[in-house]
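Those letters in the sequence shown? Residues 1 to 143, per the UniProt record's numbering, in order.
Below: one structure, written as structure tokens.
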Amino acid sequence: MKAFILVLFVSFQVLGGGEGWGNDFAEAQKTAKAENKLILLNFSGSDWCGPCIQLKKEVFESETFKTFAGPKLVLVRADFPRLKKNQLEKSQQAKNDLMAEKYNQDGKFPLTVLINADGKVLHKWEGFQPNISKFLQEIESSK
Numbered sequence: 001m002k003a004f005i006l007v008l009f010v011s012f013q014v015l016g017g018g019e020g021w022g023n024d025f026a027e028a029q030k031t032a033k034a035e036n037k038l039i040l041l042n043f044s045g046s047d048w049c050g051p052c053i054q055l056k057k058e059v060f061e062s063e064t065f066k067t068f069a070g071p072k073l074v075l076v077r078a079d080f081p082r083l084k085k086n087q088l089e090k091s092q093q094a095k096n097d098l099m100a101e102k103y104n105q106d107g108k109f110p111l112t113v114l115i116n117a118d119g120k121v122l123h124k125w126e127g128f129q130p131n132i133s134k135f136l137q138e139i140e141s142s143k
């Protein structure tokens with residue numbers, strides 16, 4: 001029972017970013033280990049990157065993706081907005097920078113990375129993914 005409550009608490013903490021997306025990779029790893037899930041990390045420029053915005057709206061906000069992701073993935077978004085009004089807190093920016101140093105050294109946007117609970121990269125996708133079915137099949141086959 002205690003383990004269930006802990007998993008539930010951690011899940012709420014990780015998913016606090018709204019829409020099922022968290023913003024804390026360390027917490028995502030804990031959840032992924034506890035629930036035997038993979039981590040899908042998305043690097044986005046939410047207020048300046050057209051393909052990032054398109055990927056979010058057309059893929060990540062689709063019911064098809066949400067239904068697929070729920071039982072299989074822990075979702076993490078590392079956002080790098082440019083507009084002053086959208087700037088992140090310094091602590092969050094530092095977390096995003098650390099994720100980028102490890103998983104997006106070339107600074108590509110959007111970049112989506114499938115990672116196991118131990119931090120090993122299983123697959124990377126650059127740019128907008130227009131074919132949701134193909135994208136989900138690639139996630140499924142990368143396990």
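Heads up, the beta-carbon is just placed ideally off N, CA and C, and yes, glycines get one too.
Integer Cβ distance of residue i from residue j, believed to fall under 8 Å
i: residue 128; j: residue 110; result: 7 Å
i: residue 42; j: residue 112; result: 5 Å
i: residue 40; j: residue 73; result: 5 Å
i: residue 95; j: residue 25; result: 7 Å
For residue i, the nearest candidate out of the options (CA to CA)
i: residue 82; options: 50, 56, 69 and 25; result: 50
i: residue 31; options: 65, 70 and 64; result: 70
i: residue 47; options: 78, 119 and 114; result: 78
i: residue 140; options: 57, 87 and 38; result: 38
i: residue 93; options: 45, 61, 62 and 36; result: 45
i: residue 28; options: 137, 118 and 97; result: 118
i: residue 115; options: 84, 124 and 90; result: 124
i: residue 63; options: 20, 105 and 143; result: 20
i: residue 52; options: 126, 138 and 22; result: 126
i: residue 59; options: 131, 137 and 143; result: 131
i: residue 103; options: 76, 61 and 90; result: 76
i: residue 23; options: 100, 67 and 65; result: 100
i: residue 122; options: 138, 56, 91 and 55; result: 138
i: residue 107; options: 54, 84 and 80; result: 80
The ligand NAP heavy atom lying under 7 Å from the CB of residue i
i: residue 70; result: Of the ligands one can find in the structure shown there are none, so the ligand NAP has no counterpart to examine.
With a floor of 4 residues, list each alpha helix (DSSP H) that falls wholly inside the UniProt domain "Thioredoxin" (1-143), ordered by position along the chain. 2-14, 25-35, 50-55, 63-69, 90-103 and 132-141
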